[in-house]
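Worksheet: the structure to be examined is printed underneath.
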Amino acid sequence: MDAASARQETPAEADEASVSTVSVANSISSSFTKPILSNLPGLRTGSLLQSTASLIWLLQAGLIAYAIHRLASDGHFNEVVLPALSVLALGILRAFIDMIGSRIIFKTARHAISRLRAATAEVLAHRSPLDTQKPPSGTAASIIAEQTEAILPFLQRFSPVKYKLVIIPSAILLCVSWHSWLAALILIFCAPLIPVFMALIGFRAKKASEEQMIEVGSMNAFLLDRLRGLNSIRSLDAVDATAIRFRTAAETLKQKTMIVLRIAFLSSATLEFFSALGVAMVAVYVGFQLLGDITYGAWGTKLTLGQGLFILLLAPAFFEPLQELSAAWHDRASGKAGIAALDRLAMHNLKILHSDKQSKNNKLSSPPEVLIQNIHFQHQRTNIPVFENYSLTVRPGEKLALLGPSGSGKSTLLAILAGLVSVDSGKVSVNGTELSDETANAFRQSMAWVGQKPHLFSGTLKSNIRLGRKEISNTDIDLAIEQAALSFVVANHNGAIGEGGAGLSGGEALRLALARAMADGDTHLVLADEPTAHLDTATAEEVTKNLLKLAENRTLIVATHDEQLASKMDRVIRLEAKP
Amino acid sequence: MKRHHSKKQWQNLLIILRLFFARHRNMLSIGMLLAALTALSGLALLGISGWFISATAIAGLTVATAVSFNSFVPSSVIRLLAIVKTAARYGERLTTHDATLSTLADLREKLFRGWAEPGAARILLKRPATLLFRLTVDTDALDSVYLRILVPIGAALAATLLCALVIALFVSPLLALALALWFLLIGFGAPTLASSSASRTARRRSYGMEALRARTIDLVSGQTELAIADKLKMQCSAIVKADAYLAAADDRFNRIETATTAVFTIATAIALSATLLTVAALVDAQAISVPVATLAVLMTLSAMEPFSGLRRGALELGRTMLAASRIAPRLSSSAVSQPVNAPDGETALCLQNVTAGYEIAAEPVFKGLSLRINRGERVALVGSSGSGKSTLINLITGEISPSSGTVEAIARTRLPQKTELFRDTIRENLKLANPKASDDLLWDALEAAGLAKDIRKLPHQLDTMLGEGGLGLSGGQGRRLVIARMMLRNTPFWIFDEPTESLDHKTAQDVLNQIKTLVSDKTLLIATHIQREAALADRIIVMKDGQIISDLTKDNADFKKMFSSLKIS
Numbered sequence: 001m002d003a004a005s006a007r008q009e010t011p012a013e014a015d016e017a018s019v020s021t022v023s024v025a026n027s028i029s030s031s032f033t034k035p036i037l038s039n040l041p042g043l044r045t046g047s048l049l050q051s052t053a054s055l056i057w058l059l060q061a062g063l064i065a066y067a068i069h070r071l072a073s074d075g076h077f078n079e080v081v082l083p084a085l086s087v088l089a090l091g092i093l094r095a096f097i098d099m100i101g102s103r104i105i106f107k108t109a110r111h112a113i114s115r116l117r118a119a120t121a122e123v124l125a126h127r128s129p130l131d132t133q134k135p136p137s138g139t140a141a142s143i144i145a146e147q148t149e150a151i152l153p154f155l156q157r158f159s160p161v162k163y164k165l166v167i168i169p170s171a172i173l174l175c176v177s178w179h180s181w182l183a184a185l186i187l188i189f190c191a192p193l194i195p196v197f198m199a200l201i202g203f204r205a206k207k208a209s210e211e212q213m214i215e216v217g218s219m220n221a222f223l224l225d226r227l228r229g230l231n232s233i234r235s236l237d238a239v240d241a242t243a244i245r246f247r248t249a250a251e252t253l254k255q256k257t258m259i260v261l262r263i264a265f266l267s268s269a270t271l272e273f274f275s276a277l278g279v280a281m282v283a284v285y286v287g288f289q290l291l292g293d294i295t296y297g298a299w300g301t302k303l304t305l306g307q308g309l310f311i312l313l314l315a316p317a318f319f320e321p322l323q324e325l326s327a328a329w330h331d332r333a334s335g336k337a338g339i340a341a342l343d344r345l346a347m348h349n350l351k352i353l354h355s356d357k358q359s360k361n362n363k364l365s366s367p368p369e370v371l372i373q374n375i376h377f378q379h380q381r382t383n384i385p386v387f388e389n390y391s392l393t394v395r396p397g398e399k400l401a402l403l404g405p406s407g408s409g410k411s412t413l414l415a416i417l418a419g420l421v422s423v424d425s426g427k428v429s430v431n432g433t434e435l436s437d438e439t440a441n442a443f444r445q446s447m448a449w450v451g452q453k454p455h456l457f458s459g460t461l462k463s464n465i466r467l468g469r470k471e472i473s474n475t476d477i478d479l480a481i482e483q484a485a486l487s488f489v490v491a492n493h494n495g496a497i498g499e500g501g502a503g504l505s506g507g508e509a510l511r512l513a514l515a516r517a518m519a520d521g522d523t524h525l526v527l528a529d530e531p532t533a534h535l536d537t538a539t540a541e542e543v544t545k546n547l548l549k550l551a552e553n554r555t556l557i558v559a560t561h562d563e564q565l566a567s568k569m570d571r572v573i574r575l576e577a578k579p
Numbered sequence: 001m002k003r004h005h006s007k008k009q010w011q012n013l014l015i016i017l018r019l020f021f022a023r024h025r026n027m028l029s030i031g032m033l034l035a036a037l038t039a040l041s042g043l044a045l046l047g048i049s050g051w052f053i054s055a056t057a058i059a060g061l062t063v064a065t066a067v068s069f070n071s072f073v074p075s076s077v078i079r080l081l082a083i084v085k086t087a088a089r090y091g092e093r094l095t096t097h098d099a100t101l102s103t104l105a106d107l108r109e110k111l112f113r114g115w116a117e118p119g120a121a122r123i124l125l126k127r128p129a130t131l132l133f134r135l136t137v138d139t140d141a142l143d144s145v146y147l148r149i150l151v152p153i154g155a156a157l158a159a160t161l162l163c164a165l166v167i168a169l170f171v172s173p174l175l176a177l178a179l180a181l182w183f184l185l186i187g188f189g190a191p192t193l194a195s196s197s198a199s200r201t202a203r204r205r206s207y208g209m210e211a212l213r214a215r216t217i218d219l220v221s222g223q224t225e226l227a228i229a230d231k232l233k234m235q236c237s238a239i240v241k242a243d244a245y246l247a248a249a250d251d252r253f254n255r256i257e258t259a260t261t262a263v264f265t266i267a268t269a270i271a272l273s274a275t276l277l278t279v280a281a282l283v284d285a286q287a288i289s290v291p292v293a294t295l296a297v298l299m300t301l302s303a304m305e306p307f308s309g310l311r312r313g314a315l316e317l318g319r320t321m322l323a324a325s326r327i328a329p330r331l332s333s334s335a336v337s338q339p340v341n342a343p344d345g346e347t348a349l350c351l352q353n354v355t356a357g358y359e360i361a362a363e364p365v366f367k368g369l370s371l372r373i374n375r376g377e378r379v380a381l382v383g384s385s386g387s388g389k390s391t392l393i394n395l396i397t398g399e400i401s402p403s404s405g406t407v408e409a410i411a412r413t414r415l416p417q418k419t420e421l422f423r424d425t426i427r428e429n430l431k432l433a434n435p436k437a438s439d440d441l442l443w444d445a446l447e448a449a450g451l452a453k454d455i456r457k458l459p460h461q462l463d464t465m466l467g468e469g470g471l472g473l474s475g476g477q478g479r480r481l482v483i484a485r486m487m488l489r490n491t492p493f494w495i496f497d498e499p500t501e502s503l504d505h506k507t508a509q510d511v512l513n514q515i516k517t518l519v520s521d522k523t524l525l526i527a528t529h530i531q532r533e534a535a536l537a538d539r540i541i542v543m544k545d546g547q548i549i550s551d552l553t554k555d556n557a558d559f560k561k562m563f564s565s566l567k568i569s
């Protein structure tokens, strides 16, 4: 029923929802998925078609009952031919209508999934990397892949059930009560008992299964967790002990799962029991009525064989939508969980500076001057500001070191300069133009970033240097590989690197980051975040040398706690750790 | 070639099936029997009801026949069947799920053991995220072998058999044979056809899903790099593209599924119509009675139903096969790694003329490397990345075996570079090193590692649950906990791999001081590139390109020079 209210909303609500799409870009949205999921007319069309297909059974049942009735009343073979062929024709018609309906539903639902994924990717792209609430990459991947996927069966199976639940039983009741009010009463009596019992059992099941979901998730997590630490397990000679513990955990999980399943199965057994009982009672009643043992229930007349069979054939179909509902219930639960996960992901207020409308003309053409004026910045959920009324000027072509211990805000300052997070107040300008949503993209194109742990994209080493920048020629890339002393790495890693490929050592990864920067001739401002951390002396020296080479005729700002690196810069700004 | 490939796939599936039946044969068989019973009672319920109504209608025509008609037995049977059907279904679900879950528990343990072998572990650690993810989804995909293929096959066969038997006995053997053949042809033929045309799509789906995940991981982890290159939009459209690829596969899947459903509906209509015509002819010829004719029609009506359970299993078969082909090899692997023997006398470690590397094809990292470390020596191993430090440590700990030469070492424990703690209580994390350790012993170890005070402050003390990767402790605390764990193993030879990497200077110094007090009577090998760690050592070995280029003890004049050439922190 919740699903109904999620999609069938008043126009006013729909308006509100479309307003909130705009506000996603700005900050907080009340519901991120609603605008996409609230308007899916295909689901309605498809569901109505599928309901129509189910209704065709009423005609088929009538024809079968009629045919047998004719046979019983000394009818001949000839009289059965037409009904039998009509049953076949209707069966074919029913198959096609059902197929068309389910295709329409699928296409609509799948299209909605694509839109959800695209919108989620947007959100992930623009949530600031400094946002501590942002899910880690693995979680983000499972939200966009599996959790979003779970919405598909929910839309696909739950929506036709909603329509069938209303249309089919009422049509059948109408037909049955036309012939026998008592048979209709039996069906009515059995049907409402089902939701009551299911609700009673389901109530208990809900809590148990919520706990269960966490457990099942943690079983996989258990395995992953231990496999990640295989080095330790092997060096502690604990493979056996871990395997046994794993086994015990799996057994416990199994027992807990069975408790939940027992309740879940009990609830569907209730449903099946009442529908089987409903069919049995209808059959027995009709039989006794035909025998004459029961004389009431059929509007004062005795039922005919045809009427009796017709009622019997409709009885199982009466309960079918309820069974479908029960089967789709699980889809509904995981679909709703998926929707909730997407909505949570979109709830944030820390974004990187960006805009779709870009003024291309503020691309830099020479080493820029960077001006930081009275900025104020504070991390989420802390009350100590990192920068309070902080100002700094970096001259064109200057090489500046921001030196300080971890927590002093040096990396944050670099992120602010790259527009990866916006300041609470104050302003940052590059060559006199203020850094803003509109200007950030163009500025960033003239920047290079050398981080301490560069991310390796899945792909080849060369594609990792290019990063999709089409303006960079193959010659540029080869040159950058040579300059960054990466040639031997290229020779060693012919295939894929990154996710699903081989990794690089810390030194190699940094050389890659330098090569990324060197390949782009349009770079005028280089931001380097702790480039020599975690490197051995020889590699650190080499990276420093290459960084300086990269910084020739460019403005360089490097955040570091490496005194040796800092001493090679034109100027050193010391930042203090915040308490 | 292709045939060979598909044969191999079936073999993999067989390995998995054998695993299913090896330990839980009875339960799995009972599950299938109950599924058959459910199908049979459903079929009988409708058939007998139809017969009952027709029979009563005819008997009810005259008072005499109405009175003599025994309505008690059939009406009780009908009610009984309703109860049997429900009970059998409940029992079937419980048994089949219990059996599947038990088997998956076995499978997970077996997989863990398979991956814990030295060679396998290295492959896994090289590319953790993808392989680990595959491992979990593959395991989950395997439950459909039994639940969605074997169980429905059992139920469908039983239903077809009953339907054919009843019709053969009471109506016409010829009609029974024709119906049985028709049901088997469509019931197995359509899913088989669906499965073969969906198998490529199932693989595509699985690859598409992996691409979607990998691209999302790139978007989130590489966000800064992408933002600077102004390629966030490009990465978003790469994700959209991966989804479009998936959508195409999903669409094909859906087309196959809906077509199969339609085939089933039409096949039922054909069977129904044919049965109706046949019984009409037989009634006309007065060969059978009307109640029997009704019985035949109603049984035909629902005989196809159990086959529809096969539909999903058939569509997923491609995915299941893929999972089986990735998992099966891990279940029967037997990587041979030679044990590292202990040397005699005062020697702690002895490498003689060792040649070793990773892949057989690749150039070995060492050629003819020799090294001796005596008991009680404390050695720093330095060299830039790629010099062979890690390979040397892997050799000593038995992670890799030399292709020639000998490696001998006394009992040793290695502290990996990364703090590896597990999602478990502090107690269980410690007991990994010594499952029999008493709490007193654990506290002693924590005391020695300088962590006891911190743990005592926690509300649940040793029972404190740690998050994934030891979440909940600070970097320094985690490092100390790992050292406490090492203490519990108490081997005479400790191997450290950059023990204070990623700790801030003050914490690092504390941890190192702690280590210093603990290693007084031990042999120590410490791979490092910073002074504070090398300060523990009284001998420095420098490696470059797989060779030892200098080997200096504290009394050597160059020792100090070497030491001060290292990075301070």
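Protein chains in written order, with the UniProt record's numbering: chain U, 1 to 579; chain W, 1 to 569.
Glycine is no exception: its CB is placed at the ideal position from the N, C-alpha and C atoms.
Since we're looking at a predicted model, the values are computed, not measured.
Determine the direct distance from the alpha carbon of residue j to that of residue i, and round the result to whole angstroms.
| i | j | result |
| --- | --- | --- |
| Leu40(W) | Arg134(W) | 39 Å |
| Val67(W) | Ala57(W) | 13 Å |
| Phe288(U) | Leu305(U) | 12 Å |
| Arg70(U) | Glu79(U) | 7 Å |
| Phe496(W) | Ala241(U) | 23 Å |
| Gly138(U) | Ala211(W) | 13 Å |
Could you name the residues of chain W that residue i contacts, counting a contact when the two beta carbons are closer than 7 Å?
| i | result |
| --- | --- |
| Trp449(U) | Thr224, Glu225 and Ile228 |
How is residue i classed by DSSP in three states: helix, strand or coil?
| i | result |
| --- | --- |
| Met447(U) | strand |
| Leu150(W) | helix |
| Gln352(W) | strand |
| residue 570(W) | Absent from the structure is residue 570(W), since the part of chain W shown begins at 1 and ends at 569. |
| Ile352(U) | coil |
| Asn70(W) | coil |
In chain W, what lies closer than 8 Å to residue i by C-beta?
| i | result |
| --- | --- |
| Met99(U) | Thr258, Ala259, Thr261 and Ala262 |
| Glu576(U) | Per Cβ cutoff of 8 Å: no residues; Glu576(U) is ~15 Å from chain W at best. |
What residues match up with residue i in a beta bridge as DSSP calls it?
| i | result |
| --- | --- |
| Ser425(U) | His376(U) |
| Ala559(U) | Leu402(U) and Asp529(U) |
| Val572(U) | Ala401(U) |
| Ser404(W) | Thr355(W) |
| Met543(W) | Ile548(W) |
By the criterion of Cβ-Cβ separation under 9 Å, what are the contact partners of residue i in chain U?
| i | result |
| --- | --- |
| Asn254(W) | Ser102, Arg103, Phe106, Lys107, Arg110 and Gln156 |
At a CB-CB cut-off below 9 Å, which residues of chain A make contact with residue i?
| i | result |
| --- | --- |
| Arg319(W) | No chain A is part of this structure, whose protein chains are labelled U and W. |
Discussion item. Closer than 7 Å between beta carbons: that is the criterion. Which residues of the segment 419 to 439 of chain U meet it against chain W?
Written reply: Leu420
Worksheet item: If contact means a Cβ-Cβ distance below 7 Å, which residues of the segment 270 to 292 of chain U contact chain W?
Response: Glu272, Phe273, Ala276, Leu277, Val279, Ala280, Ala283, Val284, Val286, Gly287, Phe288, Leu290, Leu291 and Gly292
Worksheet item: What residues in the segment 441 to 452 of chain W bring their beta carbon closer than 8 Å to a beta carbon of chain U?
Response: none
Worksheet item: Listed from N- to C-terminal order along the chain, which residues in the segment 247 to 260 of chain U have their beta-carbon within a distance smaller than 8 Å of any beta-carbon of chain W?
Response: Arg247, Ala250, Glu251, Leu253, Lys254, Thr257 and Met258
Worksheet item: Taking a cut of 7 Å between CB atoms, which residues from the segment 412 to 434 of chain W lie near chain U?
Response: Thr413, Arg414, Pro416, Glu420, Phe422, Arg423, Leu432 and Ala433
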